[in-house]
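Report on the following structure.
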Amino acid sequence: MATSATPPIELYTRRWCWYCFAARRLFDRLGVDYREIAVDGQPDLRYEVSVRAGNWPTLPMIFIGDQFVGGYQEVADLHRRGDLEKLSIPHE
Amino acid sequence: MPVIEPVPAFEDNYIWLITDPPSPKAVVVDPGDASLVLQIFEKRNLVPGAVLLTHHHGDHVGGVAEILGSRKVPVFGPSGEDISTVDRPVEGGDTVPLPDFGLDLEVLDVPGHTAGHIAYRGPDFALVGDTLFAGGCGRIFEGTPEQMHASLSRLAVLPSETLVYCAHEYTVTNLRFALEVEPLNEALKARFDIAQRERAQGRPTVPSTIAEELETNPFLRCDKAEVVAAAEARSDRDLPTASDVFAVIRGWKDGWQG
Chain S
19 MATSATPPIE LYTRRWCWYC FAARRLFDRL GVDYREIAVD GQPDLRYEVS
69 VRAGNWPTLP MIFIGDQFVG GYQEVADLHR RGDLEKLSIP HE
Chain D
178 MPVIEPVPAF EDNYIWLITD PPSPKAVVVD PGDASLVLQI FEKRNLVPGA
228 VLLTHHHGDH VGGVAEILGS RKVPVFGPSG EDISTVDRPV EGGDTVPLPD
278 FGLDLEVLDV PGHTAGHIAY RGPDFALVGD TLFAGGCGRI FEGTPEQMHA
328 SLSRLAVLPS ETLVYCAHEY TVTNLRFALE VEPLNEALKA RFDIAQRERA
378 QGRPTVPSTI AEELETNPFL RCDKAEVVAA AEARSDRDLP TASDVFAVIR
428 GWKDGWQG
């Protein structure tokens, strides 16, 4: 299974953020790779990402491939339904 | 990397827990109640490392003894208030060392809600108790409007990206009131919509940032023309200082039924 076929997960976070930590922990536990991008001190970047996420107001913001999937709660819900794996694992 | 997480208590309180996984040490801020904190401690094998109290009200201090049990843990609290569990009284200018977290917090005097109320300032966050709320401010129980206005002004000058951790989830009501004061404030309307949506999902609206508060919290905007005009219309007199404006807006909120 070529890892290059796995849609990259992007996790936008900031310091002190409990829900960012929870999302990181969930991905670590599932053993899925992700790229974490801290938006601390970069309000412009945060704004830009939030617009890309349909004006999502809070952190973290989580993208799987091109798709915005939500914050921690949404990703935990996806995982609970077994849908996170479908999104993050190559379909081949 | 340390994190600050909310532990809901009573109707609308937040007890804040500072932890640095996988370290078992937790700093507990304003634990009015012990039950949920102790459940979390047990589930995650945490132990208290320090307790920080902002003021003497029961919904902020009531759980301290039960959380600590027989443990010897420093309990920081305002030197100007009588709280039996405090063994490390502090006041404005003092430093609270949290060596387990590589953090020193600075104590700020922010009287008004209570006479000795303090806040704790970290590198990029502030634990403000019942002084500054998201979209509002604490009721003045033991101080004067001038004092409370000065306390809020002390917080308003923190760097704009400072995260504000207040102790109650009052945001939607606060913003509804703020819209009475400033019905044309676009940033405020947007924030109100977001806060309603977040609460409908059961998510906390706290922390906010100083930047957000400066744009939308009428109590930090007592020098803005729109807020001055609303307060003068309300009181039907000239209000020469921001502190006068603050007193009118605070009195307005006190009698406001939502």
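Sequence order for the protein chains is S and D.
Quick note, the numbering used here runs 18 ahead of the 1-based positions in the first sequence.
Quick note, the numbering used here runs 177 ahead of the 1-based positions in the second sequence.
Just so you know, even glycine gets a beta-carbon here, dropped at the ideal spot from N, CA and C.
Buried or exposed for residue i, please, with buried defined as at least 16 other CB atoms from any protein chain shown within 10 angstroms of its CB.
i	result
Ala377(D)	exposed
Arg248(D)	exposed
Asn351(D)	buried
Met79(S)	buried
Ser200(D)	exposed
Lys220(D)	exposed
Glu390(D)	buried
Thr21(S)	Low confidence applies to Thr21(S): its pLDDT is 49, below 50, so where it sits in the model is not reliable, and the reading given next is rough at best. Exposed, because fewer than 16 other Cβ atoms sit within 10 Å of the Cβ of Thr21(S).
Ala186(D)	buried
Ser328(D)	buried
Phe81(S)	buried
Pro384(D)	buried
Gly299(D)	buried
Ala311(D)	buried
Thr382(D)	buried
Pro360(D)	exposed
Asp210(D)	buried
Gly379(D)	exposed
Met19(S)	Because Met19(S) sits at a pLDDT of 45, beneath the cut-off of 50, its placement in the model cannot be relied upon, and the following sentence gives the value as read from the coordinates. Classification of Met19(S): exposed, given that the 10 Å Cβ count is below 16.
Trp433(D)	exposed
Could you compute how far the alpha carbon of residue i sits from the alpha carbon of residue j?
i	j	result
Ala292(D)	Leu194(D)	25 Å
His237(D)	Thr348(D)	18 Å
Leu340(D)	Ser261(D)	30 Å
Val400(D)	Ala408(D)	The sequence given here places Asp at residue 400(D); Val does not occur at that position. One C-alpha to the other measures close to 11 Å.
Asn394(D)	Gly88(S)	27 Å
Thr418(D)	Ala410(D)	15 Å
His345(D)	Ser256(D)	23 Å
Asp307(D)	Pro25(S)	45 Å
Lys366(D)	Leu29(S)	28 Å
Arg64(S)	Glu188(D)	32 Å
Pro179(D)	Asp58(S)	14 Å
Glu66(S)	Gln60(S)	10 Å
Arg42(S)	Ile181(D)	15 Å
Val422(D)	Asn222(D)	49 Å
Gly289(D)	Ile317(D)	5 Å
Glu103(S)	Val425(D)	56 Å
Cys314(D)	Asp84(S)	41 Å
Pro183(D)	Ile192(D)	6 Å
Gly240(D)	Ala364(D)	38 Å
Phe369(D)	Pro208(D)	28 Å
Cys12(S)	Leu105(S)	Only positions 19 to 110 of chain S appear in this structure, which leaves residue 12(S) out of reach.
Glu258(D)	Lys202(D)	27 Å
Cys343(D)	Leu309(D)	7 Å
Leu275(D)	Ile244(D)	18 Å
Asp46(S)	Tyr52(S)	9 Å
Gly49(S)	Lys430(D)	51 Å
Glu357(D)	Ile387(D)	21 Å
Tyr90(S)	Gly428(D)	39 Å
Val93(S)	Trp36(S)	15 Å
Phe253(D)	Glu403(D)	40 Å
Ala355(D)	Ile55(S)	34 Å
His439(D)	Leu230(D)	With chain D running from 178 to 435 in the structure shown, residue 439(D) is simply not present.
DSSP has residue i in a bridge; who is on the other side?
i	result
Met79(S)	Tyr30(S)
Gly88(S)	Ile80(S)
Glu190(D)	It should be pointed out that residue 190(D) corresponds to Asn in this sequence rather than to Glu. DSSP, once it has assigned bridges, lists Ala186(D) and His345(D) as partnering Asn190(D).
Ala203(D)	Thr196(D) and Pro225(D)
Cys38(S)	None; Cys38(S) has no bridge partner.
Glu54(S)	Leu29(S)
Val180(D)	Trp34(S) and Thr196(D)
Leu105(S)	Paired residues: none, contrary to the question.
Pro255(D)	Val267(D)
Thr272(D)	Glu283(D)
Cys399(D)	The partner list for Cys399(D) (beta bridge, DSSP) is empty, contrary to what the question assumes.
Gly306(D)	Cys343(D)
Arg298(D)	Glu283(D) and Ala303(D)
Thr386(D)	Leu340(D)
Gly313(D)	Phe310(D)
Could one say the Cβ of residue i lies closer than 8 Å to chain B's Cβ atoms, at least one of them?
i	result
Arg398(D)	The structure shown contains no chain B; its protein chains are S and D.
- prompt: Going along the stretch 65-80 of chain S in order, which residues come within less than 8 Å of chain D, judged by CB to CB distance?
  reply: For the stretch 65-80 of chain S, the set of residues with a beta-carbon nearer than 8 Å to any beta-carbon of chain D comprises Pro75 and Thr76, in chain order.
- request: Pull out every residue of the stretch 194-208 of chain D whose Cβ sits closer than 8 Å to any Cβ of chain S, in chain order.
  value: Flagged, chain order: Pro198.
message: I want to know whether the stretch 94-102 of chain S touches the stretch 68-75 of chain S - three or more CB-CB distances under 8 Å.
response: Counting Cβ pairs under 8 Å, fewer than three are found: no touch.
- prompt: Would you say the stretch 276-284 of chain D touches the stretch 310-329 of chain D, given that touching needs at least three Cβ pairs under 8 Å?
  reply: Segments in contact, no.
Residues of the stretch 331-365 of chain D whose Cβ lies closer than 7 Å to any Cβ of chain S, in chain order: For the stretch 331-365 of chain D, residues whose beta-carbon sits nearer than 7 Å to a beta-carbon of chain S comprise Glu338 and Leu340.
message: At a CB distance below 9 Å, what residues from the stretch 46-65 of chain S approach chain D? Give them in sequence order.
response: Those residues of the stretch 46-65 of chain S that come within reach of chain D (Cβ to Cβ, closer than 9 Å) are Asp58, Gly59 and Pro61.
message: Beta carbons nearer than 8 Å to chain D: which residues of the stretch 91-102 of chain S have them?
response: When CB distances to chain D are screened at a threshold of 8 Å, the residues of the stretch 91-102 of chain S falling below it are Gln91, in chain order.
- prompt: Which residues, in order along the stretch 272-289 of chain D, keep a beta-carbon less than 7 Å from a beta-carbon of chain S?
  reply: The residues in question: there are none.
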